[in-house]
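K.L.:
3 is the number of the first residue of the sequence shown in our numbering; add one for each residue after it.
Ideal placement from N, C-alpha and C gives every residue a C-beta, glycine not left out.
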Amino acid sequence: MPRWPGVPGGTRVTRSEQPRLAVTIAPGLELANPVMPASGCFGPELGAIVDLDHLGALVTKTIFLNPRSGNPAHRVTETHGGMLNSVGIPSRGVGAFVDELLPRYAAYRPPTIVSIGGLSIEEYFDVADRLADVPHVAALELNISCPNLEAGGLEIGANPHHVERVVRGVVDRVQVPVISKLTPNVTSITDIARASEAGGAAAVTAINAIVGMAVDLRGRRTQLGNNTGGLTGPATKALALRMVWQVARAISLPVIGVGGICTAEDALEFLVVGATAVQVGTATFTRPDTMLRIISGLRAWLAREGVADVRELIGSLQTGPAGHGLAAAHGRHATLAVNDYGAGTQNTRRSGRR
């Protein structure tokens with residue numbers, strides 16, 4: 003078959019063939035497609051309106067050892083191109099999760115990735131111990147952006163030594179793949195990625211929310227009860243792309259990209275810079291079917307471009323002078339427009355054909 007010009011070594015598919023969307027995150031963690039929800043933005047209740055069996059994987063909200071109520075109100079506020087949240091990750095605790103919530107995830111076909119957190123390094127180990135022999139847990143994703151109360155509240159994920167220790171300790175306790183979710187609120191995210199790899203992680207997720215703030219000018223107060231919160235949504239995409247690109251070049255592990263993904267084109271850009279799969283978060287608040295639309299869009303884009311396998315795109319970015327990259331090779335000419343993103347929030351979007 004003729005080679006697809008955008009990917010060295012790529013092959014074209016005929017009109018009668020369907021592109022392959024399956025990807026592998028780790029041994030034993032094969033996904034039918036590279037699209038899954040981001041932790042905290044999804045629950046099995048969406049199954050009432052969205053066919054969750056079509057997703058690549060399911061990702062739970064972060065689970066802690068014991069119940070916790072989260073942060074005081076206000077917890078969420080809209081920003082230009084996204085939202086800030088300071089929910090504080092309320093949790094019913096690992097016991098209630100195993101008994102009541104996990105069976106609801108297990109009712110669906112995609113593998114369930116369980117996000118776990120801890121307010122100390124030891125809490126991660128305790129949660130991992132509780133989940134070690136529980137059926138239907140396909141992998142663990144470590145939310146290492148939690149504050150370490152034993153270290154003055156600093157994020158565990160900001161310290162490479164703590165990250166390596168947490169990852170290694172969890173890996174030693176479970177038989178399933180362990181994914182480390184990286185915080186962007188550091189000087190060098192590649193140092194954190196390398197620490198995760200050294201600890202034995204099977205993959206990394208990049209990036210978590212970016213710390214930000216919103217101010218009520220009239221009241222001269224912050225708009226969140228906890229003053230600062232995590233910025234998510236389209237406003238984070240450019241930063242997330244850059245960090246995924248850096249991380250993918252720094253380690254040999256698969257990278258799950260997340261940050262501002264709203265469309266199939268967004269997801270494809272993350273794959274091109276090195277992500278093996280993607281997570282979708284904030285966009286599902288305004289369109290619960292966003293992930294299904296992205297999967298359909300991926301399939302249509304690959305078929306239109308004649309790409310046989312989505313894996314051919316992973317890490318295919320062509321760096322160099324403007325006009326010589328993958329986008330230019332396909333005649334991409336984009337303009338910027340501002341469209342509504344949720345009620346009262348503006349989103350910088352691209353228009354034009356690909």
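1. Applying the criterion that 16 or more other CB atoms from any shown protein chain within 10 Å of the CB defines a buried residue, is Ala195 buried or exposed?
2. Could you say which of Ile209, Glu32, Gly45, Arg77 lies nearest to Gln248 if we only look at CA atoms?
3. Look up Thr79 in the DSSP assignment and give the residues it is bridged to.
4. Tell whether a beta-carbon distance below 7 Å holds between Met178 and Ala141.
5. To the nearest angstrom, report how far apart Val129 and Pro137 are at their CA atoms.
6. Between the C-alpha atoms of Arg175 and Leu144, what's the straight-line distance to the nearest angstrom?
7. With a CB to CB cut of under 6 Å and the five nearest residues on each side skipped, what residues in its chain are close to Ser88?
8. Taking the C-alpha atoms as reference points, what is the distance between Cys264 and Arg94?
9. Any idea what DSSP makes of Ser298, helix, strand or coil?
10. Taking C-alpha atoms, which residue in Gly317, Ser298, Gly322, Thr321 lies nearest to Arg22?
11. Rounded to the nearest angstrom, what separates Gln20 and Val246 at their Cα positions?
12. What span of residues does the alpha helix (DSSP H) with Lys183 cover, start to end?
13. Please report how far the alpha carbon of Ser41 lies from the alpha carbon of Gly261, in whole angstroms.
14. Is DSSP giving Gln248 helix, strand or coil here?
15. Could you tell me the boundaries of the alpha helix (DSSP H) in which Leu273 lies?
16. Using the three-state DSSP reduction, which class does Gly171 fall into: helix, strand or coil?
17. Between the C-alpha atoms of Ser190 and Arg313, what's the straight-line distance to the nearest angstrom?
18. What runs of the alpha helix (DSSP H), each 4 residues or longer, lie entirely inside the segment 85-169?
19. Using alpha carbons as the reference points, say which of Phe127, Arg251, Val213 lies closest to Val169.
20. What is the DSSP secondary structure of Glu19, reduced to helix, strand or coil?
21. Okay, do the segment 111-118 and the segment 157-167 touch, 3+ Cβ pairs below 8 Å being the bar?
22. Find out if the Cβ-Cβ distance for the pair Gly235, Gly90 is shorter than 7 Å.
23. Since Val52 contacts Leu294 with CB under 8 Å, what's their CB separation in whole angstroms?
24. With DSSP as the reference, label Ala195 as helix, strand or coil.
25. Ordered along the chain, which non-local residues of its own chain (more than five positions away) have a Cβ less than 6 Å from that of Ala108?
26. Can you tell me the Cβ-Cβ gap for Ala240 and Gly317, rounded? I've got them flagged as a contact below 8 Å.
27. For Asp131, tell me which candidate among Val173, Pro92, Glu157, Leu103 has the shortest Cα-Cα distance.
28. Whole angstroms are fine: how far does the CA of Asp311 sit from the CA of Gly276?
29. By a C-beta neighbour count over all protein chains shown, 10 Å radius and 16 as the cutoff for buried, is Ala242 buried or exposed?
30. Exposed or buried, Val217, counting other C-beta atoms within 10 Å across all chains shown (16 or more means buried)?
31. Cβ of Ile296 within 7 Å of Cβ of Ala252?
32. Three-state secondary structure (DSSP) at Gly354?
P.N.:
Judging by the given coordinates:
1. buried
2. Ile209
3. Leu86
4. First, the residue type needs correcting, since residue 178 is Val and not Met in the sequence shown. Cβ distance < 7 Å, so Val178 and Ala141 count as in contact.
5. 15 Å
6. 13 Å
7. Asn73, Arg77, Leu226, Asn228, Gly231
8. 30 Å
9. helix
10. Ser298
11. 28 Å
12. Note, Lys183: premise wrong, no alpha helix (DSSP H); beta strand (DSSP E) at 180-183.
13. 12 Å
14. helix
15. 266-274
16. helix
17. 27 Å
18. 104-108, 123-133
19. Phe127
20. coil
21. no
22. no
23. 6 Å
24. helix
25. His138
26. Ala240 to Gly317, Cβ: 19 Å. No contact.
27. Val173
28. 15 Å
29. buried
30. exposed
31. no
32. Confidence is the limiting factor: at Gly354 the pLDDT is only 36, short of 50, which leaves the residue's position unreliable, though a coordinate-based value still follows. Gly354: coil per DSSP, three-state reduction.
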